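Undergrad:
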Amino acid sequence: METKNKVDIIKLLDYIDPSTLDYQEWVDVGMALKSEGYTA
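Numbering (UniProt numbering), first residue to last: 1 to 40.
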């Protein structure tokens with residue numbers, strides 16, 4: 001039986017410094033959030 005740990009990913013965004021990411025990295029973050037079921 002597989003067990004998944006649920007983490008509030010939105011809270012983790014506070015730890016990302018936007019000035020250190022380029023456009024593609026932000027797109028990757030957004031796509032990962034979408035993949036996990038988050039919406040705008």
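The beta carbon of each residue, even a glycine, is placed where N, CA and C say it ideally should be. Note that this is a predicted model, so its numbers are computed, not measured.
1. Consult DSSP for G37 and reduce its assignment to one of helix, strand or coil.
2. Which value, in whole angstroms, describes the spacing of the CA atoms of K6 and A32?
3. DSSP on D14, reduced to helix/strand/coil?
4. So, with DSSP's three-state summary, where would you put V29?
TA: With the given structure in hand:
1. In the sequence shown, the residue the question calls residue 37 occupies position 37. Note: G37 maps to coil in three-state DSSP.
2. For the purposes of this step, residue 6 is identified with residue 6 of the sequence shown, where counting begins at 1. For the purposes of this step, residue 32 is identified with residue 32 of the sequence shown, where counting begins at 1. Cα-Cα distance, rounded: 15 Å.
3. As a position in the sequence shown, residue 14 is number 14, starting the count at 1. It is helical.
4. Within the sequence shown, numbered from 1, the residue matching residue 29 stands at position 29. Helix, per DSSP.
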